[in-house]
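Scroll down for the structure; my scribbles are underneath it.
Residue numbers (the numbering used here): 230 to 508.
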C-alpha cells in the first residue's frame, strides 16, 4: 500500500482514538547559526518534544504532603529536551557545550528559551576569531507548499528531494534534503512503518514519504562574505492548523540570539531544519 494512503488512514484513526495528550505530541529539531569561528560554523541546536501534562500526571509528580493549587488542575502543553552549541566543519560536527535540559510551558516558550539563546551567543563570542551571523530575511510558508520563498522538488530519477531558495541568484543551487536519523526513527515509531533505513524503502513509498513533508520557512543568514540558508520542513495534522503563509520576505528581524522559534508544529507532527551554504 502506498504510504500516502496509509498516512491518510492513520490520521483519521488518530482523530478518533487519541487522547488530548497524544493529539498535542510533536517533535522539533531546530538549527540557529550564531556565527563562525576559525572558518567553522557555530550552531545552536534545539531538540524538543511537545507533550501534555495532565492533572493525573501532576498528582503523581507532587511532593508528599503538598497540596494541589488551581494551576495544578489544568492541562498544560509543554516542551522538554536539550539545547547544544556545536561547531560544524565540512565533514565533522563537534559539541562545544551542553547548554541545558529544559521542561517548559508552551505559553512561555519564547520567554523561557531566550536566555539559552543569549547564553549560546556569549559562549560563541568567546571562541577564537569569532564572526557573528546576521539574520537577513525569512520567508514563511507555514506548511503551505504553494508558497514561493523556496522550491521543493522531488526527483523521481535520483529518488531524492531537493530545496532551493527562490531568488534569482540562488534558484539553481539546489540542496538535497538529508533527513536526520532521529526524524526517520520518530516517523517510523509514529506510523509503524519501516523508515529507519530510508535507502531500503521501496521507491514509490519513498517518493510518497518525501511528498508528505511541507514547506514551513527558509531563513537567510550572512556571515562575512558567506550566505547560509536554513530550511524547515514539517508534517502533521492540518485540520486544526490556522496559520497562513506570508506574501513577502520578512527582514529587520533583529539579532540572531533574539530569534527564538520552533514551537509552531502541527498535531502529531514533526519539523526539522537543515542548512545550505550558498555561493
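Every residue, glycine too, gets a C-beta built ideally from N, C-alpha and C.
Whole-angstrom C-beta distance between residue j and residue i, which should lie under 8 Å
i	j	result
residue 436	residue 383	6 Å
residue 364	residue 482	5 Å
residue 409	residue 258	6 Å
residue 307	residue 282	5 Å
residue 474	residue 373	4 Å
residue 380	residue 390	Residue 380 to residue 390, Cβ: 11 Å. No contact.
DSSP three-state assignment for residue i, whether helix, strand or coil
i	result
residue 498	strand
residue 398	coil
residue 434	helix
residue 288	In this prediction, residue 288 has a pLDDT of 43, which is less than 50 and means its spatial position is unreliable; what the coordinates show is noted afterwards. Looking at residue 288 - three-state DSSP - the assignment turns out to be helix.
residue 493	coil
residue 300	The predicted position of residue 300 is uncertain, since its pLDDT is 48 and thus under 50; no value can be drawn from it.
residue 315	strand
residue 262	strand
C-beta atoms of residue i and residue j nearer than 7 Å
i	j	result
residue 353	residue 262	no
residue 275	residue 491	yes
residue 342	residue 502	no
residue 489	residue 378	no
residue 497	residue 465	yes
residue 422	residue 358	no
residue 349	residue 277	no
residue 315	residue 324	yes
residue 507	residue 402	yes
residue 504	residue 470	no
Cβ-heavy atom distance, residue i to the ligand HEM, below 6 Å
i	result
residue 313	Within the structure as shown, the ligand HEM is missing, as the structure has no ligands at all.
Check: What beta strand (DSSP E) runs, 3 residues minimum, are completely inside the stretch 347-386?
Finding: 359-361, 363-369 and 379-384
Check: Is there contact between the stretch 449-469 and the stretch 359-371, where contact requires at least three CB pairs shorter than 8 Å?
Finding: yes
Notebook entry, point to check: Can you find at least 3 beta carbon pairs, one from the stretch 453-462 and one from the stretch 326-340, that sit closer than 8 Å?
Noted result: no
Checklist line | Completely contained alpha helix (DSSP H) runs for the stretch 415-491, where each covers 4 or more residues | finding: 432-441
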